[in-house]
Amino acid sequence: MINALVAYKGKSARIVSQTMHKFALEFDDGSLRSVREKDFRFIHPEFVQISGACVQADITVLENFQKEVLTLEEITQWLFDEYSAKNAWCSYILIEDGLYLYWQKDKVFVRPTSQVESIQTKRDVQIFEAKNLKHCVDNISNNTFDEQDLPYIEEIVKVALNQSKYAKILANSDIENTPESAYKLLLRLDYFKPSFNPYPARYNISKDEQIDVSMAQIERVDLTYLSSYAIDNADSNDADDAISIDGDKIFVHIADVSLIATVGSELDAYAQERASNLYLPEQIIHMLPISATKMCALGLAETSNALSIGFTLESGEIDHIEVVHSLIKVTNINYDDADEMLVSNEHLSKLQSITKAHKKYRDNCGAISLNLPNVDVKFKQGQVSILTQSSSQSRELVAEMMIMAGRVVAQFSIDNDIVMPYVIQDKGKFPQETLDNKDVLSLSESFKATKFFRHSAISTKNLPHFGLGLKVYLRITSPLRRYLDLLAHQQLSCFIKGEDTLGKEDVKKIIGIHNTIMSTVGRTVRSSNDHYKCVYLLYNPSWQGEGIVIDTRGDKVLFMIPELGMMTQIKFKILPKLDEKVALKVTTVDLVDCRANFKAI
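Per the working numbering, the very first residue in the sequence shown carries number 1; after that it's consecutive.
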């Protein structure tokens with residue numbers, strides 16, 4: 001075999017010497033390598049220097065040998081008429097290509113025509129894809145794309161929305177395969193407009209679905225003689241609570257959702273999977289189908305089905321509790337109208353006095369709330385609006401009535417041994433100075449006080465909620481919007497009807513599932529609000545406004561910007577005082593990270 005032509009790892013070589021177990025190979029560049037016989041392939045007994053391209057072989061002759069196994073020498077003779085070293089090497093190259101032929105140990109298998117056509121089709125597709133891929137890479141490098149690029153763009157979209165971990169086009173464009181990098185690219189290409197909110201899709205939030213619903217017919221207590229008021233925002237049409245008073249008896253009426261979303265039903269599972277309404281700037285994603293809202297919301301028909309909670313309140317103490325399935329007549333009014341009616345309407349005026357007394361009772365029991373600025377972010381008709389959440393007497397009335405309802409149902413559940421998802425909060429370690437001045441805290445003092453609050457939690461244990469100043473509390477008034485409110489309704493409804501209620505372990509399991517989902521819901525809402533705040537600043541690049549100093553950290557000052565509901569940190573040589581107001585202007589906006597930078601004017 002000395003001086004034979006062989007192939008080693010695709011390169012031609014000459015055998016120059018041989019020992020017992022190894023052969024010395026010399027390559028075109030003069031280098032030598034000692035290898036075993038099994039590591040190279042014999043091509044021809046005579047070595048020639050391989051140079052230039054191979055001559056075109058007569059491939060058609062292979063049609064006569066389909067599925068046959070031949071030697072390299074035989075294949076070469078059929079393809080090139082002569083078994084020379086040069087021709088044998090060309091046959092080797094053809095076999096290595098694998099389209100018409102492939103190795104079976106030291107022999108050569110001739111592929112059938114059908115296999116050849118299939119392989120060629122795949123190769124053509126790969127060539128076409130490679131060409132398209134390069135076209136898209138070139139376009140992206142120039143910050144553009146065309147219709148031909150759309151399949152690759154759709155892959156990038158999936159990465160941006162966290163629906164895929166990898167897009168080939170990103171890797172080929174030296175862009176990191178992360179949602180943030182993909183989203184940044186799509187913004188740069190103007191495929192995503194700044195107004196597009198990626199977070200519901202990125203966090204895999206379920207969309208609204210159309211489902212037909214029906215409500216079980218049961219005997220109801222007729223409370224249509226009461227003047228019941230559902231007070232809400234002017235643009236709301238899905239009221240799930242109303243209030244009324246009958247002598248000394250206070251009533252909170254709540255949409256009777258538990259009779260369409262019964263425990264273990266398909267609708268119950270639907271609601272549990274979503275956990276809560278998502279109030280996003282550009283849309284509302286509902287916990288329950290719209291059909292459920294239309295059927296259950298209060299005041300949409302002449303009479304409404306409700307779960308009514310009646311009770312008396314004297315010196316802050318709850319008594320004479322009753323919980324019934326009821327039929328009520330509801331008057332829907334907005335907060336502005338309600339504010340005007342508080343003086344002229346006997347029922348609302350009386351309820352206001354009661355809620356003020358209850359609020360004072362809670363304050364005396366240690367309740368503490370911080371009035372930090374909040375905003376409502378809306379995106380409608382291509383415009384972002386940011387409105388400071390306003391307070392009013394009617395809003396405070398409704399809020400306190402809802403707290404009272406939660407307190408009453410919690411007490412009713414304890415008295416009747418009904419397992420419930422109680423809202424609990426440990427006592428915060430507030431400085432005495434904060435407690436003594438809790439009603440007149442400045443913005444910086446309120447911000448500092450947030451550090452002393454303990455996080456609230458959901459538990460089957462009926463422990464106190466120190467932030468509200470209550471020995472026991474649960475949320476009950478929004479079963480159309482919050483799943484744990486619906487769960488509490490289901491428990492109450494089963495108890496009233498004499499049916500078995502869920503036990504502690506079942507409720508604990510539901511709470512665990514709910515907490516996991518709500519973590520995602522919370523991130524989606526926060527990210528969406530932050531996104532549209534940044535969009536607002538992108539649309540208003542010359543924005544100027546007022547920042548209030550709420551903390552200092554070395555040479556850095558932390559500002560609250562009430563108008564935007566944002567915070568920012570700015571370096572100062574001379575630090576302003578706490579609660580000092582400083583004029584600020586926006587400098588940069590990063591839509592990918594939902595962050596804006598400001599500077600003092």
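All residues carry an ideal CB built from backbone N, CA and C; glycine is no exception.
Ranked by how close their Cα comes to the Cα of residue 424, the residues 530, 464, 339, 592 have 464 in first place.
A buried status is given to residue 394, since no fewer than 16 other beta-carbon atoms sit within 10 Å of its beta-carbon. One thing to note: residue 324 has its Cβ no nearer than 9 Å to the Cβ of residue 298.
Under the DSSP assignment, residue 529 falls in the alpha helix (DSSP H) whose first and last residues are 504-539. Looking at the DSSP output, residue 206 bridges to nothing.
When the five nearest sequence neighbours on each side are left out, the beta carbons in the same chain lying within less than 7 Å of the beta carbon of residue 347 are those of 227, 244, 245, in order along the chain. The beta carbon of residue 48 sits closer than 7 Å to those of 5, 85, 86, all from its chain and outside the five residues before and after it, given in chain order. Per DSSP, the continuous beta strand (DSSP E) segment holding residue 458 begins and ends at 457-459.
Going by DSSP, residue 105 is part of no alpha helix (DSSP H) at all; its letter is neither H nor E. At a Cβ-Cβ threshold of 9 Å, residue 254 and residue 268 do not count as neighbours. Burial check for residue 491: the Cβ neighbour count within 10 Å reaches 16 or more, so the residue is buried. Taken in chain order, no unbroken stretch of beta strand (DSSP E) lies wholly in the stretch 153-197 with a span of 3 residues or more. In the DSSP annotation of this structure, the continuous segment of the alpha helix (DSSP H) that includes residue 268 starts and ends at 266-274. No Cβ-Cβ contact shorter than 9 Å links residue 415 with residue 476.
In this structure, 134 is the residue among 145, 134, 187, 193 with its C-alpha nearest to the C-alpha of residue 171.
Annotated three-state conformation of residue 28 is coil, per DSSP. Contact annotation: residue 90 and residue 79 have beta-carbon atoms nearer than 9 Å. Judged by pairs of C-beta atoms under 8 Å, the stretch 515-532 does not touch the stretch 439-453, as fewer than three such pairs exist. Per the coordinates, the alpha-carbon of residue 313 lies some 6 Å from the alpha-carbon of residue 319. Between residue 584 and residue 570, the C-beta gap is smaller than 9 Å, which places the two residues in contact. Distance between residue 564 and residue 388, taken at the CA atoms: about 8 Å. When the Cα atoms are used, residue 549 and residue 277 turn out to be separated by approximately 34 Å. Nearest Cα to residue 161 within the set 185, 143, 145, 212: 185.
By the Cβ criterion, the stretch 470-490 is in contact with the stretch 402-411, since at least three pairs of Cβ atoms, one from each stretch, lie closer than 8 Å.
Looking only at 138, 167, 163, the smallest Cα-Cα distance to residue 152 is reached by 167.
Here DSSP, grouped into helix, strand and coil, assigns residue 406 to helix. Contact check for residue 116 against residue 65 fails: the beta carbons are separated by 9 Å or more. Counting along the chain, residue 362 sits inside the alpha helix (DSSP H) bounded by residues 346-364. Following the DSSP letters along the chain, one finds residue 41 inside the beta strand (DSSP E) bounded by residues 41-44. Taking a C-beta distance under 9 Å as the contact criterion, residue 206 and residue 285 qualify as a contact pair. With contact defined as three or more Cβ pairs closer than 8 Å, the stretch 531-541 and the stretch 190-202 are in contact.
Following the DSSP letters along the chain, one finds residue 568 inside the beta strand (DSSP E) bounded by residues 566-571.
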